[in-house]
Amino acid sequence: MHELIYYSVAPENTTDATIAKILSKSREFNAKNNVTGCLLYHDNQFLQILEGEQPIIKALYSKIIKDKRHTDVMLVEEGEKENRHFGGWHMAYHQTIATDFNTLEKALFINNFSQLSDFVQKPSEVVRLFWYMSKTILRR
1495 MHELIYYSVA PENTTDATIA KILSKSREFN AKNNVTGCLL YHDNQFLQIL
1545 EGEQPIIKAL YSKIIKDKRH TDVMLVEEGE KENRHFGGWH MAYHQTIATD
1595 FNTLEKALFI NNFSQLSDFV QKPSEVVRLF WYMSKTILRR
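In this note's numbering, the protein residues as written are 1495 to 1634.
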């Protein structure tokens, strides 16, 4: 089982419809190719962890690098592991939008997310890094 984390920045003109299209196509592809993972989108930043067979994950990452809906794509970490951490989720997803939260609600969400990440099982260095970067992005 191969896992990969990447970070990217969405262009300024990214809309909710663009994100919905990315999710729809990703979930369809992932279901057909036995890929699981999680996508975080916050403040025009993407952070994603992908799990699956190495050739499929590598090919998918190559497509993401060329996708104009992602800029400044950076491979954070990748590696091998025995079991899926996001099994059953062809693409878990969470988006925070500034207009959806007042200041207190946003602070509570980030605090709750941070606490959750402290308790989630982290079976590999790649998964630990994903949760750490998720918290870092949300706290900016």
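In this text, a Cβ means the ideal position worked out from N, Cα and C, and glycines have one as well. None of the values given here were measured: they were computed from a predicted structure.
| query | result |
| --- | --- |
| Any idea which residues DSSP pairs THR1530 with across the strands? | GLU1545 |
| When DSSP labels each residue in this structure, what does ASP1510 get in the three-state scheme? | helix |
| Whose CA, out of LYS1562, PHE1624 and LEU1632, lies closest to the CA of THR1508? | LYS1562 |
| Using the C-alpha atoms, what's the distance from HIS1536 back to GLU1572? | 22 Å |
| Quick check on MET1627: does DSSP put it in helix, strand or coil? | helix |
| Along the chain, where does the beta strand (DSSP E) containing GLU1497 start, and where does it finish? | 1496-1503 |
| Can you list, in chain order, the residues of its chain whose CB lies under 8 Å from that of ASN1528, leaving out five sequence neighbours each side? | GLY1546, GLU1547 and ILE1550 |
| May I ask you to report which of helix, strand or coil DSSP gives PHE1540? | strand |
| In terms of residue numbering, what span does the beta strand (DSSP E) encompassing GLU1487 cover? | In the structure as shown, the chain begins at 1495 and stops at 1634. Residue 1487 is therefore absent and cannot be evaluated. |
| Give the DSSP bridge partners of TYR1555, in chain order. | Note: TYR1555 sits in no beta bridge, so no partner. |
| Beta-carbon separation of MET1495 and GLU1619 under 9 Å? | no |
| CB PHE1624 to CB ILE1513, shorter than 9 Å? | no |
| I'd like to know whether the C-beta atoms of ASN1538 and GLY1531 end up nearer to each other than 9 Å. | no |
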